[in-house]
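Novice:
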Amino acid sequence: MALIVCLFSACSSGLEEHVLSQYPNGTPMQIEFYLKNDSLKVPVKEVRYNLDGEKEHEGTFENGKKHGLWKSWYTNGEKKSEYNFSAGMKNGEFTEWYDNGNIMFQGSYANDMPSGRWIFWNIEGKLEREKQY
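Letter by letter, the sequence shown follows residues 6 to 138 in this note's numbering.
#1: Beta-carbon within less than 6 Å of Asn-127's beta-carbon, same chain only, minus the 5 sequence neighbours each way: which residues are those?
#2: Taking the CB atoms as reference points, tell me whether Trp-78 and Lys-70 lie closer together than 7 Å.
#3: Pick helix, strand or coil for Glu-106, following the three-state DSSP scheme.
#4: Do Asn-81 and Asp-168 count as a contact pair if the criterion is CB distance below 7 Å?
#5: Could you name the residues of the same chain whose beta carbon sits closer than 6 Å to that of Leu-74, not counting the 5 residues immediately before and after it, in chain order?
#6: With burial defined as no fewer than 16 other Cβ atoms inside 10 Å of the residue's Cβ, what is the status of Thr-65: buried or exposed?
#7: Grouping DSSP H, G and I as helix and E and B as strand, with all else coil, what is Gly-19?
#8: Can you name, in chain order, every residue of its own chain whose Cβ lies under 7 Å from the Cβ of His-72, other than the five neighbours on each side?
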């Protein structure tokens, strides 16, 4: 995380933004931020936007692989998901929400596999079930 903070603050001179795709009206759809290292471009962050220019998801990379917290949002601005990656694999807490803001499910991953206790709720926020992995 300290590396990312450094990249986006005082060390930003080597950071380059690249629009990977855009909507027909020219609004960016997906942007990646790279650390310029000699002739190599090392991705450090990805942001995807909806047609209105609001974030749909964002996350960071380390050594070219997803790493750290990745977040996504519904078009109404409510959180859709938060999950953690380590070296490109899902590791740690994973939470997904309904578009009304209530939690849909919560659990953990270990090396890309569901792990431990997972809890599931219905759209009204009532506990539906629990599952142990």
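The beta carbon of each residue, even a glycine, is placed where N, CA and C say it ideally should be. None of the values given here were measured: they were computed from a predicted structure.
Specialist: If we stick to the structure as given:
#1: Non-local beta-carbon contacts of Asn-127 in its own chain, meaning distances under 6 Å to residues more than five positions away in sequence, involve Glu-133 in chain order.
#2: Taking the C-beta atoms as reference points, Lys-70 is found no nearer than 7 Å to Trp-78.
#3: According to the sequence as given, residue 106 is Gly; it is not Glu. If DSSP states are grouped into helix, strand and coil, Gly-106 belongs with coil.
#4: This structure leaves residue 168 out entirely; the chain is present only between 6 and 138.
#5: If we look at Leu-74 and ignore the five residues flanking it on each side, its Cβ neighbours are Asn-89.
#6: When all chains shown are included, Thr-65 counts as buried.
#7: Correct three-state label for Gly-19: helix.
#8: Same-chain partners within the cutoff: Thr-65, Phe-66, Phe-90, Ser-91, Ala-92.
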